[in-house]
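Student:
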Amino acid sequence: MADDEENTIDTDEDIADLVSEDTLDEDVTDVDSLDKYKEDLADVLGYAKQISGRLEVLVPSLLDTADATNSAADVSRRASLTLEKGLSQVQKRVQELDEASAKSNKLSGYILIGAVTILVISVGIFSFMAQQLNAKTNEVNGMLVALSQRVVNMNSALSLFDEINQTMNGLAVEQSAFTDTQNGLIETVRNVERLAVSMKSDVPAAAALRVSQSNSKVFEQVNQLSISVKNQSATVANVTTSVASLATQVKSMQAQVNNVKALNADVQSLITLERAKYIDVLKRQVALEETRSREEEPEVDVMPSIVTFPNRPIQR
């Protein structure tokens with residue numbers, strides 16, 4: 001306020017000096033217009049007073065404006081400091097994000113290399129298991145082929161056994177018929193002997209000659225019958241030998257059938273075991289694929305898009 005008053009006084013003195021100088025000059029030139037100058041001087045002094053009053057009124061507002069300007073400058077300075085701090089924090093966050101992205105890229109590269117390595121190893125293991133399974137399958141196929149051949153041989157042996165049974169049944173029928181024929185022949189011979197004995201005592205010599213001839217014929221028939229019996233006995237002996245060999249073959253066939261049954265059980269157990277191993281390998285492969293797909297899913301990092309600054313009160 002004191003400065004404003006001094007400025008007002010200086011302004012009034014300057015105006016008075018100017019007015020006095022003007023009036024003196026004009027006084028020399030024109031004395032008649034002195035009254036007019038006095039009136040003008042009074043008007044000027046009134047205007048000067050009005051101006052000084054207005055200046056006195058404007059000085060406080062100017063001071064308030066200067067204070068507000070200083071406060072605004074302080075606020076702008078603080079805002080600039082806060083902005084610099086925020087920018088430094090943003091730069092730090094950007095650097096941290098760059099470092100995190102670099103680390104995530106390295107980690108994703110390591111994960112990709114590990115996944116590819118695991119995939120290659122799993123493919124190798126799967127191919128090895130497939131080769132082993134193929135080899136086991138070929139072995140099983142070979143065993144099944146051998147088993148089918150043995151079954152075919154067994155079927156042929158069974159058909160041969162049926163033929164031998166039919167032959168033995170026919171031989172038994174023929175032997176029973178031969179036994180009946182032999183018994184009838186023996187009875188006929190006995191009757192002939194009785195007739196010969198009775199004829200020796202009853203008929204003459206001519207009749208005896210005829211009887212002897214008849215007896216010779218009968219003896220020839222008996223000899224032929226004995227030869228047939230011998231041949232039949234040889235045939236029976238051959239059939240007995242064949243039956244014995246057939247019994248031996250049947251025993252060996254039963255042993256082979258038992259072996260085939262055991263082999264079939266082993267094949268079934270081997271097939272069940274290989275099926276279980278193959279299912280286990282497939283389950284492991286599926287679990288490995290699911291784990292690899294979960295590991296290959298990228299993690300989405302949320303980037304901050306809005307930077308907030310703390311609210312601070314403005315000090316005036």
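1 is the number of the first residue of the sequence shown in the numbering used here; add one for each residue after it. Backbone N, C-alpha and C define an ideal beta-carbon position, used for all residues, glycine too.
Starting from the C-beta of residue 278, find all residues in its chain whose C-beta is less than 7 Å away, skip the five residues before and the five after it, and write them out in chain order.
Tutor: As a position in the sequence shown, residue 278 is number 278, starting the count at 1. Within the same chain, residue 278 has close Cβ partners 133.
Student: Measuring CA to CA, which of 242, 269, 271 and 179 is closest to residue 226?
Tutor: The residue given as residue 226 occupies position 226 in the sequence shown. Selected option, being the one with the closest Cα: 179.
Student: With three or more beta-carbon pairs closer than 8 Å as the criterion, would you say the stretch 129-144 touches the stretch 264-278?
Tutor: Contact between the stretch 129-144 and the stretch 264-278 is present, because at least three Cβ pairs lie under 8 Å.
Student: Any heavy atom of the ligand ATP closer than 7 Å to the CB of residue 189?
Tutor: Inclusion of the ligand ATP in the displayed structure is not the case, the ligand content being empty and no account of it being possible.
Student: Pairs of beta-carbons, one from the stretch 284-295 and one from the stretch 112-124, closer than 8 Å: are there three or more?
Tutor: Result yes; three or more Cβ-Cβ pairs closer than 8 Å.
Student: Going residue by residue through the stretch 41-65, where are the continuous beta strand (DSSP E) segments of at least 3 residues, counting only ones entirely within it?
Tutor: DSSP runs (the beta strand (DSSP E)) wholly in the stretch 41-65: none.
Student: Rounded to a whole number of angstroms, what is the C-alpha to C-alpha distance between residue 171 and residue 148?
Tutor: For the purposes of this step, residue 171 is taken as residue 171 along the sequence shown, with counting starting at 1. For the purposes of this step, residue 148 is taken as residue 148 along the sequence shown, with counting starting at 1. Their backbone Cα atoms lie some 34 Å apart in a straight line.
Student: Does the Cβ-Cβ distance between residue 122 and residue 285 come in under 8 Å?
Tutor: The residue you call residue 122 lines up with position 122 of the sequence shown. The residue you call residue 285 lines up with position 285 of the sequence shown. Yes.
Student: Whole-angstrom Cβ separation of residue 281 and residue 126, contact assumed at under 8 Å?
Tutor: Taking the first residue of the sequence shown as 1, we reach residue 281 at position 281. Taking the first residue of the sequence shown as 1, we reach residue 126 at position 126. Sure, about 7 Å apart at Cβ, within 8 Å.
Student: If we ignore side chains and look at the alpha-carbon of each, how far apart do residue 230 and residue 270 end up?
Tutor: By one-based count along the sequence shown, residue 230 stands at place 230. By one-based count along the sequence shown, residue 270 stands at place 270. If I take the Cα positions, the gap works out to 59 Å.
Student: Kindly indicate which residue of 152, 114 and 272 has the alpha-carbon position closest to the one of residue 288.
Tutor: The residue labelled residue 288 in the question sits at position 288 within the sequence shown. Looking at the Cα atoms, 114 is the closest of the given residues.
Student: Could you check the C-alpha separation between residue 175 and residue 188 for me, to the nearest Å?
Tutor: As a working mapping, residue 175 is identified with position 175 in the sequence shown. As a working mapping, residue 188 is identified with position 188 in the sequence shown. Those two C-alpha atoms are separated by around 20 Å.
Student: Could you round the C-beta distance between residue 252 and residue 164 to whole angstroms and report it? I think they count as a contact, below 8 Å.
Tutor: In the sequence shown, residue 252 corresponds to position 252, counting from 1. In the sequence shown, residue 164 corresponds to position 164, counting from 1. About 15 Å separates the two Cβ atoms, so there is no contact after all.
Student: For residue 403, tell me which candidate among 237, 191, 194 and 185 has the shortest Cα-Cα distance.
Tutor: The chain is shown from 1 up to 316; residue 403 falls before or after that span and cannot be answered.
Student: For residue 249 versus residue 157, is the C-beta spacing smaller than 8 Å?
Tutor: Position 249 of the sequence shown, counted from the first residue, corresponds to residue 249. Position 157 of the sequence shown, counted from the first residue, corresponds to residue 157. Going by C-beta atoms, residue 249 is nearer than 8 Å to residue 157.
Student: Do you know offhand how far residue 28's Cα is from residue 38's?
Tutor: Reading the sequence shown from its first residue, position 28 is the one you call residue 28. Reading the sequence shown from its first residue, position 38 is the one you call residue 38. Low confidence applies to residue 28: its pLDDT is 48, below 50, so where it sits in the model is not reliable, and the reading given next is rough at best. The alpha-carbon atoms of residue 28 and residue 38 are separated by roughly 15 Å.
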